[in-house]
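Engineer: Here it is, the structure, as structure tokens.
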Ligand code: NOJ
Ligand code: NOJ
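Numbering (the numbering used here), first residue to last: 67 to 508.
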């Protein structure tokens, strides 16, 4: 076992217990310890968001503990799914013991909560409901809905966990998560059937602003159907496996249309029917997230794809210019935001800022490129460059290593919803790749 992996397991064990007991971590000084230290803090902050007393063990996953300016004290299906995609991966890496069981209990709570949300959404509206209260009610206000990345990401995280149960020989529990009856009754199959039958439906993007067909959402849908088909086969549901694969093929074909043949980039949205029309550059970090989170080992839109690479470079150049913080400290890699025309400042409108989850995603991108590179010099250069994005993030966190959603484009101070679960998760992913090169979808 690699030494980072061992260290990581120890860190998670420590975090799970220390978050109950409220220990602090000693600060370390060496260069690589800084990154690891921030990793510890990130896992610790995620665990405290998961275990917040006010949730009364409901299983909800808050986007952030912030209750006003902005109020993010809600369960977003997307954020929760991405969180559990990472948590189930960490779970899978841990050795059996009390901490692994404590984490597993939290995963089951989330699954039971999502089952309730599915029931509620199906009886009152549609599965693409993006936000729920922490007691499990549909968000009652007007919002950009449906958002169809949610069910696909939720399915992916549950499939990840289900595969882990199968590796442990726990077939009955795996069948509880995926069983073959139709109409679907099990939590994973309900989502997969929805994805398979509704993937062509117009829906809002992950930033909740634009209605159309989105690269990020389609990549999540495709991955869920392919991973779902593999699982269905193991659970003796060959007809479903065939059906999901045929739908994944249709998605593969439509996803190709996101290539802009003139500019050689990947565009985030096609066939827009509603929502904001301000993204003139058509550059968006959601494209890179779509590849990082959902590309499979079949090479389709993976990190070596030239369109993805061009999008990475063009976006980076653009943010380098428009964010003042990037004109200082050129030894650090540039801070990255959602898209150049962004005006959401974390609690209203004005000017957009860099986001932690986007900056951390760039670290993940370069570190994973380093891992797959065959050339030792290039390998080292790519990894060092990836670490510079982590440097950038660490430079802007507060003294307790806390990451909200954004940091100010001029001053560099933190801004927007505090302790954003997704920010921490993005750091955890990046650190895993920078220090070990583990791929989620292996
Ligand atoms: C809050 C959303 O979550 C954010 O992404 C968006 O930019 C603003 N609302 C504006 O719709
Ligand atoms: C706003 C982001 O745009 C959206 O992607 C996210 O789901 C919510 N905030 C909650 O974190």
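For every residue, glycine included, the Cβ atom is placed at its ideal position computed from N, Cα and C.
Consult DSSP for residue 92 and reduce its assignment to one of helix, strand or coil.
Structural biologist: Taking the chain shown and counting its residues from 1, the one referred to as residue 92 is at position 26. For residue 92, the predicted structure reports a pLDDT of 38, less than 50, and the residue's modelled location is therefore unreliable. The matter cannot be settled from this model.
Engineer: Which term fits residue 70, buried or exposed, when burial requires 16 or more other beta carbons within 10 angstroms of its beta carbon?
Structural biologist: Residue mapping note: residue 70 aligns to position 4 of the chain shown, counting from 1. The residue is buried, with at least 16 neighbouring Cβ atoms inside 10 Å.
Engineer: If you measure between the beta carbons of residue 432 and residue 404, is that distance less than 9 Å?
Structural biologist: Position 366 of the chain shown, counted from the first residue, corresponds to residue 432. Position 338 of the chain shown, counted from the first residue, corresponds to residue 404. No, Cβ-Cβ distance for residue 432 and residue 404 is not below 9 Å.
Engineer: Please classify residue 369: is it buried, with 16 or more other beta-carbons within 10 angstroms of its beta-carbon, or exposed?
Structural biologist: Your numbering for residue 369 matches position 303 in the chain shown. Residue 369 should be labelled buried.
Engineer: Can you grab the Cα-Cα spacing for the pair residue 429 / residue 457, in whole Å?
Structural biologist: As a position in the chain shown, residue 429 is number 363, starting the count at 1. As a position in the chain shown, residue 457 is number 391, starting the count at 1. Going by the C-alpha atoms only, they are around 9 Å apart.
Engineer: Looking at C-alpha atoms only, which residue of 254, 343 and 462 is the closest neighbour of residue 193?
Structural biologist: By one-based count along the chain shown, residue 193 stands at place 127. Nearest option by C-alpha distance: 254.
Engineer: From residue 111 to residue 285, what does the alpha carbon distance come to, in whole angstroms?
Structural biologist: Working through the chain shown from its first residue, we reach residue 111 at position 45. Working through the chain shown from its first residue, we reach residue 285 at position 219. If I take the Cα positions, the gap works out to 29 Å.
Engineer: Excluding the 5 residues preceding and the 5 following residue 489 in the sequence, name in chain order all residues of the same chain whose CB lies nearer than 6 Å to its CB.
Structural biologist: On the chain shown, residue 489 is found 423 positions in, with the first residue counted as 1. For residue 489, where only same-chain residues beyond five positions count, the Cβ hits under 6 Å are 422, 423 and 469.
Engineer: Look at the alpha carbon of residue 78 and the alpha carbon of residue 329, and state the distance between them as a whole number of angstroms.
Structural biologist: Counted from its first residue, the chain shown places residue 78 at position 12. Counted from its first residue, the chain shown places residue 329 at position 263. Going from the Cα of residue 78 to the Cα of residue 329 covers about 43 Å.
Engineer: Relative to the alpha-carbon of residue 526, which residue among 231, 134 and 153 has its alpha-carbon at the smallest distance?
Structural biologist: Look at the range of the chain in this structure, 67 to 508, and you will see that residue 526 is not part of it.
Engineer: Use the C-beta contact count for residue 269: other C-beta atoms within 10 angstroms, 16 or more gives buried, fewer gives exposed.
Structural biologist: In the chain shown, residue 269 corresponds to position 203, counting from 1. Buried.
Engineer: Going by DSSP in three states, residue 362 sits in which element: helix, strand or coil?
Structural biologist: Taking the first residue of the chain shown as 1, we reach residue 362 at position 296. Note: residue 362 maps to coil in three-state DSSP.
Engineer: Is residue 300 helix, strand or coil by DSSP?
Structural biologist: Here the question's residue 300 lines up with position 234 in the chain shown. Helix at residue 300.
Engineer: Does residue 339 come out as helix, strand or coil in the three-state DSSP assignment?
Structural biologist: Looking up residue 339 in the chain shown gives position 273. Note: residue 339 maps to strand in three-state DSSP.
Engineer: Is residue 130 a contact residue of ligand 2, with contact defined as CB to any heavy atom under 8 Å?
Structural biologist: Residue mapping note: residue 130 aligns to position 64 of the chain shown, counting from 1. Yes, Cβ of residue 130 sits closer than 8 Å to a heavy atom of ligand 2.
Engineer: Near residue 475, which residues of its chain fall below 7 Å by C-beta distance, leaving aside the five closest residues on each side in sequence?
Structural biologist: As a first step, residue 475 is located in the chain shown; it is residue number 409 there, counting from the start. Excluding positions up to five away in sequence, the list reads 389, 390, 391, 417, 419 and 420.
Engineer: Less than 9 Å between CB atoms is the rule here; does residue 298 satisfy it with respect to chain D?
Structural biologist: Of the chains in the structure shown, none is chain D; there is only one protein chain.
Engineer: Got a sec: does ligand 2 put a non-hydrogen atom nearer than 8 Å to the Cβ of residue 209?
Structural biologist: Against the chain shown, residue 209 aligns to sequence position 143. The answer is no for residue 209.
Engineer: Smallest Cα separation from residue 350: which of 362, 384 and 248?
Structural biologist: Residue 350 sits at position 284 when you count from the first residue of the chain shown. Residue 350 has its Cα closest to that of 384, out of 362, 384 and 248.
Engineer: Taking C-beta to C-beta, are residue 342 and residue 275 nearer than 9 Å?
Structural biologist: Indexing the chain shown from 1 puts residue 342 at position 276. Indexing the chain shown from 1 puts residue 275 at position 209. Their beta carbons are under 9 Å apart, which means residue 342 touches residue 275 by this criterion.
Engineer: Under DSSP, the alpha helix (DSSP H) around residue 452 begins and ends at which residues?
Structural biologist: Here residue 452 is taken as the residue at index 386 of the chain shown, counted from 1. Start and end: 442-462.
Engineer: Under a three-way DSSP split, which group does residue 276 fall into?
Structural biologist: In the chain shown, the residue the question calls residue 276 occupies position 210. Of the three classes helix, strand and coil, the one that applies to residue 276 here is strand, per DSSP.
Engineer: So is residue 396 buried or exposed if we call it buried at 16+ other beta carbons inside 10 Å?
Structural biologist: If you number the chain shown from 1, residue 396 lands on position 330. Burial call: exposed.
Engineer: Quick one: is the Cβ of residue 273 within less than 8 Å of any heavy atom of ligand 2?
Structural biologist: Along the chain shown, one-based indexing puts residue 273 at 207. True, at least one ligand heavy atom lies under 8 Å from that Cβ.
Engineer: For my contact list, residue 115 and residue 485 are in at a C-beta cut-off of 8 Å; report their separation, rounded to the angstrom.
Structural biologist: Counting from 1 along the chain shown, the entry for residue 115 is found at position 49. Counting from 1 along the chain shown, the entry for residue 485 is found at position 419. So it is a contact: roughly 6 Å between Cβ atoms.
Engineer: Are the stretch 279-299 and the stretch 344-364 in contact at 8 Å, needing three or more beta carbon pairs?
Structural biologist: Cβ pair count under 8 Å is three or more, so yes.
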